[in-house]
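Colleague: Sharing a structure, written as structure tokens. Questions coming.
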Amino acid sequence: ASPDADAHRGEAGHLAVARRLAPEHVAWLSRLPLILTVDPLPICIVHAGLVPGVPLDKQDPWAVMNMRTLRYPREELRGMENKNNFRRDASPAPAAAAGHKTPMANVDADPNRDVAVPIEGHSGEKWTDAWNRQQNLMSTTERRTVIYGHDSKRGYVEGKHTFGLDSGCVGGGALTALIIEGTKGGGFKHTTSQVTCKKASRNR
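Using full-length UniProt numbering, read the sequence shown as starting at 1 and increasing by one per residue.
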């Protein structure tokens, strides 16, 4: 078996198609945008997600296509440091230092989330939670709504500034359509429509 067999499990059909593409087809695909904007509406459409606080033209292509949650290295490191400090302070003090209390490290009230790392798994914070939180801090003219997929585990999810449309059709769930209508003042309203997918794909 190929060393990459596990990494590409379930993708044999896609790889076969990719190998048959002519160079001009590959060039055309490489020029397509990963982020669609629905100007003049404040809407972006992506496959998987966006990292809050990063301009659209600076978003990492891998993250746009694969991310599901965010990890915060500084916050996690601080948590580990505090845990170690707690263990140290809880351990018996040496006889010479009896009665002396070592103060705990100061912990900021706000999480230290200056650096966010997008990951494909579900072990971090939902990127949509971080996105909606940030949008609420911005002026109404700067806010953007993101329509995304790539998370059938959570199904259809509607946030204040996010719409997750992956409702698991390929696995026998539902196919979800989001209908957007522009309104006066540059806003929009929406409706949804779903149909049940009666048969799961054999290529999952």
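Built from N, CA and C at the ideal position, the CB exists for glycine as well.
So, with DSSP's three-state summary, where would you put E142?
Modeller: Coil, per DSSP.
Colleague: Could you pull out every residue in the same chain whose Cβ sits closer than 6 Å to the Cβ of A130, ignoring the five residues on either side in sequence?
Modeller: Same-chain partners within the cutoff: P52 and L70.
Colleague: May I have the straight-line CA-CA distance separating F188 from I180, to the nearest angstrom?
Modeller: So the two alpha carbons sit approximately 7 Å from each other.
Colleague: Determine contact between the stretch 116-131 and the stretch 157-168, defined as no fewer than three beta-carbon pairs at a distance below 8 Å.
Modeller: Because the criterion of three Cβ pairs below 8 Å is met, the stretch 116-131 and the stretch 157-168 touch.
Colleague: Roughly how many angstroms separate the alpha carbons of E142 and Y156, rounded to a whole number?
Modeller: Looking at the two C-alpha atoms, the distance is approximately 25 Å.
Colleague: With DSSP as the reference, please indicate the residues paired to E11 in a beta bridge.
Modeller: E11 pairs with nothing; no bridge assigned.
Colleague: By alpha-carbon positions, which one of L77, P42, G49 and R154 ends up nearest to G173?
Modeller: It is R154.
Colleague: Suppose you measure from the CA of C44 to the CA of T37; what does that come to, to the nearest Å?
Modeller: Answer to the nearest angstrom: the Cα atoms are 5 Å apart.
Colleague: With DSSP as the reference, please indicate the residues paired to G164 in a beta bridge.
Modeller: According to DSSP, which records beta bridges pairwise, G164 is partnered with Y148 and V157.
Colleague: Measuring alpha carbon to alpha carbon, tell me which residue in L15, L41, L21 and W28 is nearest H190.
Modeller: Comparing Cα-Cα distances from H190 to each of L15, L41, L21 and W28, the minimum goes to L41.
Colleague: Buried or exposed: where does V54 fall if 16 or more other Cβ atoms within 10 Å of its Cβ makes it buried?
Modeller: Answer is exposed; the Cβ neighbour count stays below 16.
Colleague: Determine, using beta carbons only, whether A63 and P118 come nearer to each other than 8 Å.
Modeller: Yes, these two residues count as a Cβ contact at 8 Å.
Colleague: Under 8 Å Cβ to Cβ from P73, same chain only, skipping five residues before and after it: list those, please.
Modeller: Within the same chain, P73 has close Cβ partners V115 and V117.
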